[in-house]
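Only one structure is covered here, and it is reproduced in the block below.
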């Protein structure tokens, strides 16, 4: 019975199949459960004239129709603008026909009809101009790439960057350009230099009065950018440089330069506000030794330590030394203070005074000698003219002969003037230095082939620039030391020794000398009064060093025999020890000894 029942049910079951694009249902028309039919992608199903889009139950008596979808898609351009709006990309799909083909399906009680998709490109493509219009309508209006439009068509179906924004060009804030080097600069030597001083290790960066030490550059505004959508992107705002000029500096009239108002060490502090100044005092921390090397400075110099043997220290201004000095060469344009011992040193204060006096004298001698040479040469030329014609070469040999026989000192004077002008390069004007350079150039080798016009040029140049040598004489530059031994001290001002005294040393100054305690051995030559606590060496039979003043008086608390005292051109030698005495010139011009009423 069961088998018969199953056989009956199978005979009553409906089946659906697709054959050659037609849907067929087989089975009993009555008392049938029908079949489940579902249209898939690209398939259109009609049941009894009504389109069905989802699964439905159909029966043998239903009218069924199925078709594959046929459609035509036009060319498409999709545009994507990135979030920062600085670029846009697009993809191009050309026009195409899409056709879905329904295959045959065998009988089944439940069927989903799917179709295979077939595509065919057809129809006219878009041209670059039409694509550009589409992009612009999508707000991509700036930075379009013409070459990318062609690539879109050639490489259809691929995303391409078709527009890029213009980023803003950022400007520059105002800035300060420093025209000097900061910090100690290591000295370098090249192989061509004949002499190398390995004790000169570093140089202090220095500037002269009137020198431009910094340039102030104005801010440079930026340029705005633009997004692909046409929105302007402003650049960041720019700020002018803030410059604060402190002591020793000033701004130029147009506010574009910082100028040194004095000689010294330039200093700057960077930051939002730039600070500039020129210090006329340089502080050297520690000792002047082989590590630091020789030291030279245009202004005042303060040394917190001492100066070791073999080192040279030079400053155009004052020098103050906190520690001991030994075997050193110390030269200052101003005064020198040595707060501790000075042993085996050469100390010269007022260096500029001495050197300027020296170059004045040499310069005057050059003018005088070249003037005499011109006069004598003119006389000889007149004689040659009376005798007939002469050549320039004859005159050149004549000038050379005159220099060799009558003015042999001229080449030496010109070389000396050149040496002094180079030592005083920071103090002398350029025209004067050029006149000295020309003079030395022509007069070397005893004026070999010196022409008459050249000789006149030398003399006229020297005379023209003589007034530039005028200078104020700083006679107050002096030397102060605590203790002096085996040293030489020279200055235009006063010399003072405040400690135990001075031994076996030579003092020369234009002012006064004051040795609070002992001056033993050596000599003194002063322009003013001399004050000494104790002078000479006790029980020494030999003649001792001279204590000399050109126009002052000598005051000594205790002086030993055989000590010489000189005032002006007169000199006496003591025959015995004396105490609290004063040496002076009386009205007759003789040296007298009186009591020092302290």
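In our numbering, the protein residues as written are 672 to 1269.
For every residue, glycine included, the Cβ atom is placed at its ideal position computed from N, Cα and C.
Exposure of residue i, with buried meaning 16 or more beta-carbon neighbours within 10 Å
| i | result |
| --- | --- |
| residue 654 | Any answer about residue 654 is impossible in this case: the structure gives the chain only from 672 up to 1269. |
| residue 1191 | buried |
| residue 948 | buried |
| residue 955 | buried |
| residue 1110 | buried |
| residue 1246 | exposed |
| residue 1165 | buried |
| residue 1268 | exposed |
| residue 898 | buried |
| residue 693 | exposed |
| residue 772 | exposed |
| residue 753 | exposed |
| residue 1158 | buried |
| residue 996 | buried |
| residue 1064 | exposed |
| residue 1019 | buried |
Residue j beta carbon less than 8 Å from that of residue i
| i | j | result |
| --- | --- | --- |
| residue 1047 | residue 1077 | yes |
| residue 1154 | residue 1248 | no |
| residue 1271 | residue 814 | Nothing about residue 1271 can be reported from this structure: the residues present for the chain run from 672 to 1269 only. |
| residue 812 | residue 901 | yes |
| residue 704 | residue 685 | yes |
| residue 935 | residue 969 | yes |
| residue 987 | residue 1004 | yes |
| residue 786 | residue 713 | yes |
| residue 1136 | residue 1106 | yes |
| residue 698 | residue 731 | yes |
| residue 978 | residue 959 | yes |
| residue 1130 | residue 1007 | no |
| residue 1203 | residue 1238 | no |
| residue 806 | residue 761 | yes |
| residue 853 | residue 883 | no |
Straight-line Cα distance separating residue j from residue i
| i | j | result |
| --- | --- | --- |
| residue 1054 | residue 1061 | 10 Å |
| residue 908 | residue 843 | 9 Å |
| residue 938 | residue 963 | 20 Å |
| residue 891 | residue 1151 | 56 Å |
| residue 1092 | residue 1171 | 40 Å |
| residue 711 | residue 747 | 26 Å |
| residue 965 | residue 1094 | 16 Å |
| residue 993 | residue 893 | 55 Å |
| residue 867 | residue 1222 | Its pLDDT being 48, under 50, residue 867 is placed unreliably in this model, and the value from its coordinates should be taken loosely. Computed Cα separation, rounded: 45 Å. |
| residue 780 | residue 707 | 7 Å |
| residue 738 | residue 695 | 14 Å |
| residue 690 | residue 791 | 25 Å |
| residue 984 | residue 1148 | 17 Å |
| residue 1261 | residue 1196 | 19 Å |
| residue 1218 | residue 1235 | 6 Å |
| residue 946 | residue 847 | 10 Å |
| residue 804 | residue 715 | 37 Å |
| residue 799 | residue 824 | 8 Å |
| residue 973 | residue 1049 | 56 Å |
| residue 1132 | residue 1034 | 11 Å |
Own chain partners of residue i with C-beta closer than 7 Å, once the 5 adjacent residues on each side are dropped
| i | result |
| --- | --- |
| residue 896 | 836, 837, 838, 839, 904 |
| residue 1086 | 1111 |
| residue 924 | none |
| residue 906 | 839, 840, 841, 842, 893, 894, 895 |
| residue 727 | 708, 718 |
Distance cut-off 7 Å: residue i Cβ against heavy atoms of the ligand COA
| i | result |
| --- | --- |
| residue 811 | Among the components modelled here there is no ligand, and therefore nothing to report on the ligand COA. |
Neighbourhood of residue i by C-beta distance below 6 Å, restricted to the same chain and skipping five residues each side
| i | result |
| --- | --- |
| residue 717 | 736 |
| residue 1066 | 1123 |
| residue 1173 | 1155, 1186, 1190 |
| residue 1229 | 1205, 1250 |
| residue 913 | 944 |
| residue 1036 | 1084 |
For residue j and residue i, believed in contact at Cβ under 8 Å, the rounded distance
| i | j | result |
| --- | --- | --- |
| residue 1233 | residue 1211 | 6 Å |
| residue 1038 | residue 1134 | 6 Å |
| residue 1254 | residue 1224 | 6 Å |
| residue 889 | residue 845 | 5 Å |
| residue 1115 | residue 1082 | 6 Å |
| residue 1084 | residue 1040 | 7 Å |
| residue 774 | residue 687 | Not confirmed; about 14 Å, so no contact. |
| residue 1001 | residue 1016 | 6 Å |
| residue 875 | residue 953 | 6 Å |
Residues of its chain near residue i, where Cβ-Cβ distance is below 8 Å and the 5 sequence neighbours each way are ignored
| i | result |
| --- | --- |
| residue 933 | 880, 919, 949, 951, 970 |
| residue 1193 | 1173, 1174, 1175, 1176, 1177, 1178, 1216 |
| residue 793 | 743, 766, 767, 768 |
| residue 1241 | 1256, 1260, 1261, 1262 |
Residue-chain proximity (residue i, chain C), Cβ-Cβ < 8 Å
| i | result |
| --- | --- |
| residue 961 | Looking at the structure shown, chain C is missing, and only one protein chain is on hand. |
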